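Below: the structure, in C-alpha cells.
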Amino acid sequence: MTRVLPLAVLAAAVIVIALFAVLTRSVSFDTSERPWPAHVPANAAWVGGADGGVYVRIERFPDDPPDLYRGCVYHETAPWLAYRGFFSLERNGPYSPDQDPLTAWDGTRLYFGERGILKATTDYKPTRDEEAHPACDPASIPAGS
8 MTRVLPLAVL
18 AAAVIVIALF
28 AVLTRSVSFD
38 TSERPWPAHV
48 PANAAWVGGA
58 DGGVYVRIER
68 FPDDPPDLYR
78 GCVYHETAPW
88 LAYRGFFSLE
98 RNGPYSPDQD
108 PLTAWDGTRL
118 YFGERGILKA
128 TTDYKPTRDE
138 EAHPACDPAS
148 IPAGS
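In this note's numbering, the protein residues as written are 8 to 152.
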C-alpha cells in the first residue's frame with residue numbers, strides 16, 4: 008500500500024506536466040504570422056502582443072535637441088496615424104532606436120527596456136482621413152512641432 012501511493016502521485020504529476028506542455032504549445036503566438044499592414048512602412052517596428060498593439064517608426068536626427076526623437080505611431084488595422092510628432096526622453100536614457108526595442112505604447116508614452124519612457128510631446132489630433140498623412144516620414148516632421 009505504501010508503494011502504490013507514491014507511484015500514483017508520480018503518475019498524476021507526469022500526466023499534469025504532459026498536459027501543460029501540450030496546452031502551452033497550442034496557445035503560443037508567433038508574431039511572424041501577423042500580416043504586415045499595407046499602410047505601415049517596412050521599417051516600422053511592431054510594439055504589442057497577442058492581444059494587439061501598434062507599429063512605430065522613431066528616429067533621432069543630429070540637428071534635434073538632445074533627448075528628442077521624431078516618430079510616427081500607426082494603428083494596427085486602421086489606415087490613419089495614432090500619433091505623429093516628437094518624443095522626449097522622460098526616464099532612463101539614453102535611448103537608441105536601433106538598440107533599444109520598444110515594449111509598449113499607452114497612447115502618450117512609448118516604453119523601452121526595463122523602465123525607459125519616451126513621452127509624446129507634440130499636440131497631435133489624430134484624423135481618420137487617410138489622405139492627411141498617407142505616409143509618415145519622421146524627417147518630414149517640422150522641427151517646431
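Ideal Cβ placement from N, Cα and C applies to all residues, glycine included.
Only a predicted model underlies this, so the values are computations on that prediction, with no experimental measurement involved.
At a cut-off of 7 Å, is residue i close to the ligand GDP when judged by its beta-carbon and the heavy atoms of the ligand?
i      : result
TYR131 : Absence of the ligand GDP from the depicted structure is noted, as is the absence of any ligand whatsoever, leaving it without description.
Would residue i and residue j be called neighbours here (beta carbons separated by less than 8 Å)?
i      : j      : result
SER76  : GLU66  : The identity of residue 76 in the sequence shown is Tyr, whereas the question assumes Ser. In contact: TYR76 and GLU66 (Cβ atoms closer than 8 Å).
ARG135 : ASN99  : no
LEU109 : ALA52  : yes
PRO145 : CYS79  : yes
ILE124 : TYR118 : yes
HIS46  : PRO73  : no
Assuming residue i contacts residue j under a Cβ cut-off of 8 Å, what Cβ separation, rounded to an integer in Å, is found between them?
i      : j      : result
VAL54  : ALA111 : 6 Å
GLU83  : VAL61  : 6 Å
SER95  : LYS126 : 5 Å
PRO133 : LEU88  : 6 Å
ASP105 : GLY120 : Their Cβ separation, rounded to whole angstroms, is 14 Å, which puts ASP105 and GLY120 out of contact at 8 Å.
THR128 : PHE93  : 5 Å
So, is residue i buried or exposed, given that buried needs 16 or more other C-beta atoms within 10 angstroms?
i     : result
ARG91 : buried
PHE68 : exposed
SER33 : Legend: pLDDT at SER33 = 39, less than 50; position of this residue unreliable, no value from coordinates given.
THR31 : Here THR31 scores only 49 on pLDDT, less than 50, and its place in the model should not be relied on; the value that follows carries that caveat. By the neighbour-count rule (16 or more Cβ atoms within 10 Å), THR31 is not buried but exposed.
GLY56 : exposed
_Continuous beta strand (DSSP E) assignments of at least 3 residues falling wholly in the segment 62–147_ = For the segment 62–147, whole beta strand (DSSP E) runs of length 3 or above, ordered along the chain, are 75–82, 88–98, 109–112, 116–119, 123–127.
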